[in-house]
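Student:
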Amino acid sequence: NAGVTQTPKFQVLKTGQSMTLQCAQDMNHEYMSWYRQDPGMGLRLIHYSVGAGITDQGEVPNGYNVSRSTTEDFPLRLLSAAPSQTSVYFCASSQGQDQFFGPGTRLTVL
Amino acid sequence: DQQVKQNSPSLSVQEGRISILNCDYTNSMFDYFLWYKKYPAEGPTFLISISSIKDKNEDGRFTVFLNKSAKHLSLHIVPSQPGDSAVYFCAASGSTGTYKYIFGTGTRLKVLA
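Which chain is which? The protein sequence lines are A and B, in order.
Per my numbering, residue 732 is the first one in the first sequence, and the count goes up by one each step.
Per my numbering, residue 13 is the first one in the second sequence, and the count goes up by one each step.
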């Protein structure tokens, strides 16, 4: 099993550009989520999904969209990037209470 | 408003001694708590968890204690090893099955050889 994979590992965007952060898991987990990690802030939940076709907002959803068309994939879209979205993004999946995280995507918005 | 707090940003411990990492929470609806370990440039790794119906859970060198009345949990690592040097996050969720986790800000543990 590859576990949770994320692409790209690094990305630099200009303000106003759009992009999609990819996340995939091969553990057949129903639950997937996106977090961002900022210095001194811990991990904050952006969006989550309890199964294909079902998504909901977390603590900091503004500026991000998600969709869940399959169990395996949970992409995170930034429609118009802003410098405040500079962060490290982690995707996670779980079947029970214990989450498994991907290696992260470091995003810089200039 | 920080619902899960880790008030010690860093902690240094001698190899072989006990490491105690603390976490406080404010929301009495939280009923499941987890600890994660994170190395630089990697995603967090699940370490140990505890349900609110228990006050202690042990897994090898790692023990988590939960004091519901004080809204406090702690992670004990005995004996500490240099490979334990990492950032440790505690997390909490309310209403079993909601899967909405609130994380603390982390404590950086350094185990000195």
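Even glycine gets a Cβ: it sits at the ideal position worked out from N, Cα and C.
Contact check, B:Q15 vs B:Y37 under 8 Å by CB: the rounded distance?
Tutor: Yes, they are in contact, since the Cβ atoms of B:Q15 and B:Y37 sit about 6 Å apart, within 8 Å.
Student: For B:S24, which beta-bridge partners are listed by DSSP?
Tutor: Note: B:S24 sits in a beta bridge opposite B:K122.
Student: What first and last residue would you give for the beta strand (DSSP E) that runs through B:E70?
Tutor: First-last of the beta strand (DSSP E) with B:E70: 68-71.
Student: If I'm right that A:G773 touches B:G95 with Cβ under 8 Å, what's the distance once you round it to whole angstroms?
Tutor: Between B:G95 and A:G773 the Cβ distance is about 23 Å, and since that is not below 8 Å, they are no contact.
Student: Taking a Cβ distance cut-off of 8 Å, strictly less, list which residues of the region 747-776 of chain A are near chain B, in chain order.
Tutor: So the list reads Y762, S764, Y766, G771, M772, G773, L774, R775, L776, given in the order they occur along the chain.
Student: One question on the structure: do B:Y51 and B:A125 come within less than 8 Å of each other, judged by their Cβ atoms?
Tutor: Cβ atoms of B:Y51 and B:A125: not closer than 8 Å.
Student: For B:V25, tell me which candidate among B:S105, B:P91, B:F42 has the shortest Cα-Cα distance.
Tutor: Taking only the C-alpha atoms, the option nearest B:V25 is B:P91.
Student: How about A:S764 and A:Y779: do their beta carbons lie closer than 8 Å?
Tutor: Yes.
Student: Would you please verify whether the beta carbon of A:G835 is less than 8 Å from any beta carbon of chain B?
Tutor: Yes - at least one Cβ of chain B is within 8 Å of the one on A:G835.
Student: Sort out for me which residues DSSP pairs A:D769 with in a bridge.
Tutor: Paired residues: A:G773.
Student: Return the residues of the region 44-68 of chain B that lie within a Cβ-Cβ distance of less than 9 Å from chain A, sorted by chain order.
Tutor: The region 44-68 of chain B vs chain A, Cβ under 9 Å: Y44, L46, Y48, K50, A53, E54, G55, P56, T57, F58, S61, S63.
Student: Can you name the start and end residues of the beta strand (DSSP E) that B:R29 belongs to?
Tutor: No beta strand (DSSP E) contains B:R29, which DSSP labels as neither H nor E.
Student: Under the three-state reduction of DSSP, which class applies to A:D829: helix, strand or coil?
Tutor: In the structure shown, A:D829 sits in coil (DSSP, three-state: anything other than H, G, I, E or B).
Student: Any beta carbon from chain A within less than 8 Å of B:G116's own beta carbon?
Tutor: Yes, contact with chain A.
Student: Name the two residues that bound the continuous beta strand (DSSP E) containing B:I65.
Tutor: No beta strand (DSSP E) holds B:I65; DSSP gives it neither H nor E.
Student: Nearest-angstrom Cα distance between B:C35 and A:A812?
Tutor: If you take the alpha carbons of B:C35 and A:A812, they lie about 34 Å apart.
Student: Specify the secondary structure class of B:V18 as computed by DSSP and reduced to three states.
Tutor: With the sequence shown as reference, residue 18 of chain B is identified as Gln, and Val is not the correct amino acid for it. Coil, per DSSP.
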